[in-house]
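Student: One point on numbering: in full-length UniProt numbering, the residue at position 150 of the sequence shown is 150, and numbering is uninterrupted.
Ideal placement from N, C-alpha and C gives every residue a C-beta, glycine not left out.
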Amino acid sequence: MNIHDPQTMKDDEPLLKIELNNPALLAGNWTQLCATCKIIRPLRAKHCSTCDRCVEQFDHHCPWVSNCVGKKNKWEFFLFLLLEVLAMLITGGVTLARVLSDPSAPSSFGAWMSHVASNHVGALSFLLVEFCLFFSVAVLTVIQASQISRNITTNEMANALRYSYLRGPGGRFRNPYDLGCRRNCSDFLVKGYNEDIECHEEDATQRPEGISMMQMQRNPNLQNGNGHVAIDVNPTHNSQSAHVHSANCSHSHNSKSKSDNVPLGLGFGLSRNPTRPVVSP
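#1: For a test of the three-state rule: what should DSSP assign to C185, helix, strand or coil?
#2: Could you check whether V94 and A123 sit closer than 7 Å to each other, using their CB atoms as the reference points?
#3: Skipping 5 residues on each side, what residues in its chain have a beta carbon closer than 6 Å to that of R174?
#4: Tell me whether the stretch 79 to 94 and the stretch 131 to 142 touch, counting them as touching only if at least three CB pairs, one residue from each stretch, are closer than 8 Å.
#5: Tell me the residue span of the alpha helix (DSSP H) that contains R167.
#6: Taking the alpha-carbon positions, what's the D203 to L133 distance?
#7: Quick one: using the 10 Å Cβ neighbour count with 16 as the cut-off for buried, is K191 buried or exposed?
#8: If N184 sits next to S149, beta carbons under 8 Å apart, how far is it from one beta carbon to the other, in whole angstroms?
#9: Do three or more CB pairs link the stretch 35 to 51 to the stretch 152 to 172 at distances below 8 Å?
#10: Which word fits I39, buried or exposed, when buried means at least 16 other C-beta atoms lie within 10 angstroms of its C-beta?
#11: Using alpha carbons as the reference points, say which of F77, E56 and L128 lies closest to S66.
#12: Could you pull out every residue in the same chain whose Cβ sits closer than 7 Å to the Cβ of C181, ignoring the five residues on either side in sequence?
#13: Note down the Cα distance separating H60 from G110, rounded to an integer number of angstroms.
#14: According to DSSP, what are the bridge partners of C62?
#15: Let me know the secondary structure DSSP gives H120 once reduced to three states.
#16: For H115, I'd like the list of residues in its chain whose CB is within less than 8 Å of its CB, leaving aside the five on either flank, ordered along the chain.
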């Protein structure tokens, strides 16, 4: 089983270099910015604190294989589960057949139980442990098969309320990647993974709370000084307003005057030139 490549996102890949003018950030999808890896990750990727890497189509971190399960090794992981279930069925059947076919066992049930308990302690212990493990692995296999048929990951199932791209109108659960059971399964069996369709998070005006990327107008009458900018975001309307506080002027609302557009980044500061990213050290 290939457990070394869950499709990790490396910060030395040129296409993943951090850019504050990235379309995902300009659209307000700040969850795609990984502050640890310093990359703009795909929408379904997640940073694994154990592996310290961003994993594309992150499913979960499996301690049994000591690696993350992601886009490029989920097929191998699912095959590993199937083979493990099959191996447990074979070994359990062989052990049970050996106990039941013991020629020296008495015919009465009570005497047979006493004989098995005294002469097949190892076999009984093995069957007990295997039953517990088989139940766990079988449940995990069924869950993985169900998620494959719906093209959804364990991480998305556990955090469905946190991811806005999994919410439809009215805040109800909606999986935009589900192409139907037949298509999902065929793509997974043929390619080993499901290709992500282009999907964006909800528009900022539809979100109940939070601040997204927005364009602010800089008042040319203000001078650089000890001023600061406060934002007023109305989630139910398509309008935003800003108050500017400065030692040189009173409160003022920015109007639709011809001035420089300034992109606002959460924790990244302001810049007069929107094409030049500014990152706080």
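Tutor: Quick answer:
#1: It is helical.
#2: No, the pair does not count as a contact, with Cβ atoms beyond the cut-off.
#3: If you ignore the 5 residues before and after R174, its C-beta comes within less than 6 Å of the C-beta of G168, all in its own chain and listed in chain order.
#4: Yes, they touch.
#5: Careful: R167 lies outside any alpha helix (DSSP H) and carries neither H nor E.
#6: Confidence is the limiting factor: at D203 the pLDDT is only 43, short of 50, which leaves the residue's position unreliable and the question unanswerable from this model.
#7: Per the 10 Å Cβ criterion, exposed.
#8: That pair is a contact at about 6 Å.
#9: Below 8 Å, enough C-beta pairs join the stretch 35 to 51 and the stretch 152 to 172 to call them touching: three or more.
#10: I39 is buried by the Cβ-count criterion.
#11: A check of alpha carbon separations from S66 across F77, E56 and L128 identifies F77 as the nearest.
#12: Excluding residues within five positions, the ones whose Cβ falls inside 7 Å are S149.
#13: For H60 and G110, the gap between their C-alpha atoms comes out near 47 Å.
#14: N67.
#15: Here H120 carries a coil assignment [DSSP, helix/strand/coil].
#16: Only D102, S104, A105 and P106 meet the Cβ criterion.
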